[in-house]
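Numbering (the UniProt record's numbering), first residue to last: 1 to 698.
Here a beta-carbon is modelled for each residue, glycine too, at the ideal position from N, C-alpha and C.
Just so you know, these numbers come straight off a predicted model, no measurement behind them.
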């Protein structure tokens with residue numbers, strides 16, 4: 001019973017596990033559970049289902065209130081008894097999108113539990129609507145068979161991260177009916193607030209019951225397992241999350257049983273890649289198309305090898321990545337393999353002492369030990385302390401993985417790489433036919449390309465989505481054409497001087513190239529074409545907009561202008577958008593990406609930060625505003641939208657192609673420009689579903 005559950009009056013994730021210490025014991029003997037959560041998303045549904053396994057076991061029932069945003073006009077219409085069907089349709093669409101884009105194993109198990117409750121008639125749901133703002137309360141009441149109650153209220157940031165107590169600073173205050181005086185002061189108020197909401201008696205907030213269609217859709221998510229199987233799976237994953245948060249550093253990796261909702265199993269091309277790498281003495285580069293599982297392939301290899309008797313003295317995995325965002329992504333994906341890496345970037349005060357401790361512990365261990373480090377290229381190149389610590393490890397025990405290894409074709413950087421017995425380079429585009437110097441440098445460290453798996457094969461094997469391709473011809477006006485001619489002429493003069501062996505200002509040359517690229521990306525006709533397209537098409541969730549080229553991170557003015565112009569066009573058409581740029585903090589980008597996946601925003605407006613490695617599997621269409629001539633960039637941008645996700649049948653790509661005025665097509669600089677634009681169009685068209693309609697477009 002609740003009186004014997006050992007509950008406290010307050011909990012904080014700073015010093016306890018809220019799931020383990022509050023939800024699980026409180027729900028163990030629950031007869032009924034009332035819960036209200038904030039914004040309707042997969043995260044808030046997961047919050048509502050935290051610690052729910054005991055309620056399933058006890059046979060208890062649940063009432064759930066979920067906040068849902070509506071406009072003031074829609075709210076008034078619903079109060080008058082009209083417009084309810086359209087709201088139900090929107091909610092139905094939302095939950096379908098949640099299910100299609102679920103990737104996290106914990107969310108899947110928790111939604112499985114909610115689905116089981118609703119399919120067995122033990123869960124009722126209502127939605128809370130407000131005319132302005134959003135219903136944000138996080139309250140709950142738990143009842144037992146003795147008539148005792150626990151009322152509680154969560155902190156405002158409760159729904160920011162549903163996956164683990166240690167990712168968020170969160171608190172709960174609880175009030176117990178057996179402490180009657182305190183309960184009368186605080187607990188009764190929470191009860192009354194919930195009751196008024198449930199029976200639609202609040203003056204400002206209106207609640208509506210979930211539609212029959214919504215209940216049926218939620219019930220469909222139920223895996224078909226019996227209650228005991230669902231309880232076991234939910235308890236297992238919540239226990240694992242708790243154990244993982246304690247970071248058992250020395251534990252060996254393990255192959256996961258599931259990743260998300262999918263049973264873990266390598267695809268054929270991954271097995272072929274690993275076999276080829278092993279046969280090349282564990283050296284080589286895997287040239288795998290974007291979105292075909294490079295990260296999982298590398299983690300599978302490190303997991304299997306670290307458990308092999310050949311490494312019974314210990315195994316060290318070092319992963320080098322170009323950007324901090326990609327480091328965070330590796331860190332998260334490693335957790336599925338029971339790998340708890342140390343992130344080495346930013347100020348060394350954040351990681352150096354911990355690195356020293358882990359290296360020392362690793363070297364002194366008498367048992368098989370495992371050490372994982374994720375480092376960004378800048379730290380490798382510029383921080384001698386990192387290399388000094390890594391060099392204390394026997395190189396025979398090190399596996400070095402270079403993600404996006406085409407960035408490593410730099411002798412200064414390669415000279416800083418740790419000596420490693422096992423070396424694996426990963427890239428969709430290691431080098432082009434014109435980059436012999438880059439090939440020589442990369443092969444000198446990693447070895448040759450041992451396996452290739454391209455976009456065409458990946459689409460045929462159902463590893464990537466097929467796609468429709470729509471080039472949009474955008475002509476320069478005369479002023480833009482004049483600027484392009486002037487910039488190209490200036491570039492040609494500097495390149496000729498450089499070719500003759502005379503010194504030039506390299507920064508000035510790069511700036512000219514940058515300005516020319518920006519010019520092509522920001523043509524007036526491109527913005528006009530975009531406005532026309534989104535006006536005809538309407539709002540489509542999970543859309544990417546690529547705009548604003550540029551190589552200088554501290555020179556963002558023109559790029560930000562381009563992003564702002566695109567954003568204004570979308571806002572005028574009712575789109576909910578967010579910028580996604582390298583100037584934003586990692587934590588902000590993580591929140592934006594979650595909002596994108598959960599359809600709280602419709603589109604990301606980005607520049608180059610999404611070019612390499614960052615996963616956006618939910619994306620269904622992309623508008624490529626920038627006319628990049630860089631083959632690597634446009635291949636990666638295409639791959640970004642072709643990643644598979646549940647229910648995604650195909651992707652759609654709109655490519656805004658720069659074209660000179662008709663009167664100037666014969667001029668050399670424009671002839672060259674058209675040839676380069678045509679090369680990209682031909683590459684994209686070749687594998688598209690609608691290629692027959694694109695012949696001779698240019």
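| query | result |
| --- | --- |
| Rounding to the nearest angstrom, what Cα-Cα distance links residue 598 and residue 138 in this structure? | 19 angstroms |
| Please state whether DSSP places residue 269 in a helix, a strand or coil. | helix |
| Between the C-alpha atoms of residue 176 and residue 127, what's the straight-line distance to the nearest angstrom? | 27 angstroms |
| Please classify residue 257: is it buried, with 16 or more other beta-carbons within 10 angstroms of its beta-carbon, or exposed? | exposed |
| What does residue 699 pair with, by DSSP beta-bridge criteria? | The displayed coordinates of the chain run from 1 to 698. Any statement about residue 699 would go beyond what the structure contains. |
| If you draw a straight line from the alpha carbon of residue 465 to that of residue 514, how long is it in whole angstroms? | 33 angstroms |
| Is it buried or exposed, residue 569, if we count other Cβ atoms within 10 angstroms and call 16 or more buried? | buried |
| Quick check on residue 545: buried or exposed, where buried means 16 or more other Cβ atoms within 10 Å of its Cβ? | buried |
| Going by beta carbon distance, what residues of the same chain come within less than 6 angstroms of residue 399, once the five residues before and after it are set aside? | 302, 317, 422 |
| Would you call the region 440 to 458 and the region 482 to 491 touching, i.e. three or more CB-CB distances under 8 angstroms? | no |
| Report all residues from its chain with a CB closer than 8 angstroms to the CB of residue 674; omit the five preceding and five following residues, and keep chain order. | 659, 660, 665, 698 |
| Kindly give me the distance between the Cβ atoms of residue 284 and residue 450, rounded to whole angstroms, as I take these residues to be in contact under 8 angstroms. | 3 angstroms |
| Which same chain residues, not among the five before or five after residue 2, have their C-beta less than 6 angstroms away from its C-beta? | 144, 148, 150 |
| Using three-state DSSP, classify residue 290 as helix, strand or coil. | coil |
| Return helix, strand or coil for residue 18, following the three-state DSSP convention. | helix |
| Quick one: what does DSSP say residue 245 is sitting in, helix, strand or coil? | Any reading at residue 245 is ruled out, since the residue's pLDDT is 46, under 50, leaving its predicted position unreliable. |
| Please classify residue 62 as buried or exposed, where buried requires at least 16 other C-beta atoms within 10 Å of its C-beta. | buried |
| If distances are taken between C-alpha atoms only, which option among 394, 252, 378, 315 comes closest to residue 336? | 252 |
| Return helix, strand or coil for residue 207, following the three-state DSSP convention. | strand |
| Give the DSSP-derived three-state secondary structure of residue 385 in the structure shown. | helix |
| If we count Cβ pairs, one from each stretch, closer than 8 angstroms, do we get three or more for the region 586 to 598 versus the region 522 to 532? | no |
| Just curious, the beta strand (DSSP E) that residue 587 is in, first and last residue? | Unbroken run through residue 587 is the alpha helix (DSSP H), 586 to 597; no beta strand (DSSP E). |
| Using the C-alpha atoms, what's the distance from residue 325 back to residue 350? | 17 angstroms |
| Under a Cβ-count criterion, where at least 16 other Cβ atoms within 10 Å of its own Cβ denotes burial, should residue 153 be classed as buried or exposed? | buried |
| Can you tell me where the beta strand (DSSP E) holding residue 451 begins and where it ends? | 449 to 453 |
| How do the region 436 to 449 and the region 620 to 630 stand: do at least 3 beta-carbon pairs fall below 8 angstroms, yes or no? | no |
| Round the Cβ separation of residue 64 and residue 123 to the nearest angstrom and send it over; I've been treating them as touching at under 8 angstroms. | 6 angstroms |
| May I ask you to report which of helix, strand or coil DSSP gives residue 376? | strand |
| Considering Cα atoms alone, identify which of 363, 320, 473 is closest to residue 392. | 363 |
| Alpha carbon to alpha carbon, how far is residue 712 from residue 270? | In this structure the chain extends from 1 to 698, so residue 712 is not present and cannot be described. |
| Tell me whether the beta-carbon of residue 413 lies closer than 8 angstroms to the beta-carbon of residue 380. | yes |
| DSSP beta-bridge partners for residue 131? | Residue 131 pairs with nothing; no bridge assigned. |
| Can you look up residue 7 in the DSSP assignment and give me helix, strand or coil? | coil |
| From residue 19 to residue 561, what distance separates their C-alpha atoms? | 45 angstroms |
| Measuring CA to CA, which of 501, 368, 418 is closest to residue 310? | 368 |
| Going by other Cβ atoms of all chains shown within 10 Å of its Cβ, with 16 needed for buried, is residue 600 buried or exposed? | buried |
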